[in-house]
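K.L.:
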Amino acid sequence: MPLKIVLKPGEKVVINQAVLQNGREKSEIIVQNKASILRERDIMTEKQANSPSKRIYFVVQMIYMFPAKDREYQDRFHKFSREFVGAAPSALPLVMDIGKQIAVGDVYGALKLCRKLIKYEDEVVRHAAK
Numbered sequence: 006m007p008l009k010i011v012l013k014p015g016e017k018v019v020i021n022q023a024v025l026q027n028g029r030e031k032s033e034i035i036v037q038n039k040a041s042i043l044r045e046r047d048i049m050t051e052k053q054a055n056s057p058s059k060r061i062y063f064v065v066q067m068i069y070m071f072p073a074k075d076r077e078y079q080d081r082f083h084k085f086s087r088e089f090v091g092a093a094p095s096a097l098p099l100v101m102d103i104g105k106q107i108a109v110g111d112v113y114g115a116l117k118l119c120r121k122l123i124k125y126e127d128e129v130v131r132h133a134a135k
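Letter by letter, the sequence shown follows residues 6 to 135 in the working numbering.
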């Protein structure tokens, strides 16, 4: 099923490791086949991965964008996941769901769950600060 991506002026998108930047006007791209796609706003740099949940997001993003290095990033995913669950055991179901999505090949779905994990971590930190 084709995927329509609407890009704002100057917005970037990564498709299969190629960075595309839109020109001066809004435009649409129709992706006709399976591809690894991330919008600029969804990309996290390693420097931005400054919390346990964000480190998990970053390595899942790398699994998604660089499948040839899948094993290396999966090892890091497992390490970061164990550390996260060790500190916040209540996150185990969500972290397990992320791992399951990766295992069945739905890495983009795992990324979406990672966004929930980041929100969860923020809530836990806010609650602990009270």
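Note that CB positions come from ideal geometry on N, CA and C, so glycine has one too. For clarity, every value in this text was computed on a predicted model and none was experimentally measured.
Which two residues bound the contiguous beta strand (DSSP E) that contains residue 45?
P.N.:
Residue 45 sits at position 40 when you count from the first residue of the sequence shown. From DSSP, residue 45 is part of no beta strand (DSSP E); its letter is neither H nor E.
K.L.:
DSSP three-state call for residue 22: helix, strand or coil?
P.N.:
As a working mapping, residue 22 is identified with position 17 in the sequence shown. Three-state DSSP puts residue 22 in coil, outside helix and strand.
K.L.:
Measuring alpha carbon to alpha carbon, tell me which of 40, 37, 16 and 39 ends up nearest residue 30.
P.N.:
In the sequence shown, the residue the question calls residue 30 occupies position 25. The residue with the shortest Cα to Cα distance from residue 30 is 16.
K.L.:
Where DSSP assigns a beta bridge to residue 33, which residues make up the other side?
P.N.:
For the purposes of this step, residue 33 is taken as residue 28 along the sequence shown, with counting starting at 1. Paired residues: 11.
K.L.:
Please report how far the alpha carbon of residue 90 lies from the alpha carbon of residue 28, in whole angstroms.
P.N.:
Taking the sequence shown and counting its residues from 1, one reaches residue 90 at position 85. Taking the sequence shown and counting its residues from 1, one reaches residue 28 at position 23. Answer to the nearest angstrom: the Cα atoms are 43 Å apart.
K.L.:
Which residues in the same chain as residue 120 place their Cβ atom closer than 8 Å to its Cβ, once the five residues preceding and following it in sequence are excluded?
P.N.:
To locate residue 120, count along the sequence shown from 1; it is residue 115. Closer than 8 Å at the Cβ level, and outside the excluded window around residue 120, lie 62.
K.L.:
Within 10 Å of its beta-carbon, does residue 101 have 16 or more other beta-carbons around it, so buried, or fewer, so exposed?
P.N.:
Reading the sequence shown from its first residue, position 96 is the one you call residue 101. Label assigned to residue 101: exposed.
K.L.:
Considering only C-alpha positions, which residue in the set 79, 38, 7 and 6 is nearest to residue 21?
P.N.:
Residue mapping note: residue 21 aligns to position 16 of the sequence shown, counting from 1. Out of 79, 38, 7 and 6, 38 has the C-alpha closest to the C-alpha of residue 21.
K.L.:
Is there at least one Cβ from chain D nearer than 8 Å to residue 52's Cβ?
P.N.:
Absent here is chain D; the protein component of the structure consists of one chain.
K.L.:
Is the beta carbon of residue 103 closer than 8 Å to that of residue 122?
P.N.:
Within the sequence shown, numbered from 1, the residue matching residue 122 stands at position 117. Within the sequence shown, numbered from 1, the residue matching residue 103 stands at position 98. Yes, they are a contact pair.
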